[in-house]
Amino acid sequence: MKDLRNAVGAMCAVPMPGVTALHALAGELRAAGRSVRSLAFEIPRFEPPAGLLDSCIEWLRQGEPGGAPAAGLPELRRALAEKLSRDCKVPCTALNLVVTPGERFARFAAIAALCGPGDEVILPVPCRMEYRALVHAAGATCVELRTRPQEGFELEPGLLEAAVTGRTRLLILNTPSWPAGTVYRRETLEALAAIAVRHNFMVLSDECLASFIGEPDRAHVSFASLSDEAANRCITLGGFSAGCFMENHPVGFVAAPEWLSGRIIALLQLVSGGASALDQHCALAALTAPVQQEMAELRRTIVENREWFCRSLEAVPGLELFRPAGGLSLLCGIAGFGMDSDLFCERLLREELLEAVPGREFGAEGYIGLSFACPASWLKDAAGSLAAFCGKIFRSGLNKEGCV
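Residue numbers for the sequence shown follow our numbering, so the first one is 159 and each next one is one higher.
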């Protein structure tokens, strides 16, 4: 008799992220009564704006019946198309917009609707942990291109040109990026767009953190705004979970050429039915002026956190800080501690009750990822624990060298 346990569906062959074991260990420590802090999150750890919650409660009280179309509420699709056209100079209409149940589902739907066996997807690393898994789930091949800290972790156009083949179907860009906080410069994007047009492949431009720019001399530039040729080859991806502090109401969206948005809508209809009506009404409320003002205050807090956190980490012995231009997180090099990122993060969690992301998870061994989008008191406690751990390990290493 055949062993059914050997049957593995294409999408079930996706490996479990290694960071899951760290999350499980953190859960065990919390269950044992330990106070574990985490800087391993991708979404801000702030309460949502009061105006947003009030709008949701009012909608629930009205008791409007029915759900929402798979593609999203028509009024939300129109509002998003207007916002992208006005604020980001992305040419689109409601027909290009698809609303999804969260940003991660938007990434999955865009990749699955476009890529398959035999296709190559070019992925600059370090990158979000799920990108590689989603490409693998679609049956496509990941071509990883390592970016360099001295270039702000931007993809160098010559590196892209050399990697393109006849099977290249998609390039994934993330600006501002997680976890490096890279904000792509216009001139770099224009050079990458010229390559995409010349070789005729698509670009998934993940811009979920577009509202978090930390450097005054940098501005967010949408890939699809560069030219009509770039827009015709671009899938612009955004969402509300991070940018609008709506972790408990996950809503993402993609803006794509109509031939592709139709495929994504069909996939949504079959797999999830789309985002919930309540969550989409929360998203609509997040686009209103009063709520936008509340969110602006929270974003300023995050920029202040970034400044303080960078100054704090610069003083930590053995830690190499890479200052982010935007986003919600940063990278630190740990090569001077004589251990890989998995061991570093496990020891940090066990000894200091602090959770960080190992660099191996996002394709950059020798680094750890740390988020700073949380209340200042929480961040200061975490920074103190990290400094204590690094100081202990660094002094231990010096003592060993002195004994040789």
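We put the beta carbon where it would ideally sit given N, CA and C, even for glycine.
* Can you give, in chain order, each stretch of the beta strand (DSSP E) that sits fully within the region 243-294 and has at least 3 residues? -> 255-258 and 278-283
* Using the beta-carbon count (16 or more within 10 Å), is proline 202 buried or exposed? -> buried
* Assign asparagine 332 to one of three DSSP states: helix, strand, or coil. => Note: asparagine 332 maps to strand in three-state DSSP.
* Asked: How is the beta strand (DSSP E) around serine 363 delimited, first residue to last?
  -> According to the DSSP assignment, serine 363 belongs to the beta strand (DSSP E) that extends over 360-364.
* Please list, in chain order, all residues of the same chain as leucine 556 whose beta carbon is under 7 Å from its beta carbon, the five residues on each side excluded. => Because leucine 556 sits at a pLDDT of 49, beneath the cut-off of 50, its placement in the model cannot be relied upon, and the following sentence gives the value as read from the coordinates. The beta carbon of leucine 556 sits closer than 7 Å to none of the beta carbons in its chain outside the five residues before and after it.
* To do: Could you tell me the boundaries of the alpha helix (DSSP H) in which threonine 355 lies?
  => The sequence shown places valine at residue 355, rather than the threonine named in the question. Its alpha helix (DSSP H) spans residues 344-357.
* Please state whether DSSP places serine 383 in a helix, a strand or coil. => It is helical.
* Asked: How big is the Cα-Cα spacing for glycine 560 and glutamate 472?
  -> In this prediction, glycine 560 scores a pLDDT of 42, lower than 50, which makes its location untrustworthy; the coordinate-derived value is nonetheless stated afterwards. Taking the straight line joining both Cα atoms gives about 25 Å.
* Asked: Looking at the structure shown, is glutamate 478 part of a helix, part of a strand, or coil, going by DSSP?
  -> strand
* **6 Å Cβ shell around leucine 197 - same chain, five flanking residues per side excluded** => Residues of the same chain with a CB within less than 6 Å of the CB of leucine 197, apart from the 5 flanking positions on each side, are Ala514, Leu528, Ser529 and Ala540 in chain order.
* To do: Taking isoleucine 423 as the reference, give the member of Pro207, Ala229 and Arg163 with the closest Cα.
  => Ala229
* Asked: If you count every other CB in all the chains shown that lies within 10 Å of the CB of leucine 100, and 16 or more means buried, which is it?
  -> This structure cannot speak to residue 100, because the chain is shown only from 159 to 562.
* Please report the residue range of the alpha helix (DSSP H) in which glutamate 452 lies. => Run containing glutamate 452: 447-472, per the alpha helix (DSSP H) assignment.
* Look at the alpha carbon of proline 249 and the alpha carbon of serine 380, and state the distance between them as a whole number of angstroms. => 11 Å
* To do: Going by CA-CA distance only, name the one from Ala388, Gly221, Gln451 and Leu281 that's closest to leucine 317.
  => In terms of Cα proximity to leucine 317, the closest of Ala388, Gly221, Gln451 and Leu281 is Leu281.
* Asked: Can leucine 489 and phenylalanine 467 be called in contact, C-beta distance under 9 Å?
  -> no
* Between which two residues does the alpha helix (DSSP H) harbouring leucine 428 extend? -> 416-429
* alanine 531, enclosing alpha helix (DSSP H) - first and last residue -> Careful: alanine 531 lies outside any alpha helix (DSSP H) and carries neither H nor E.
* CB of alanine 435 within 9 Å of CB of glycine 225, strictly -> yes
* Start and end residues, alpha helix (DSSP H) containing phenylalanine 502 -> 499-510
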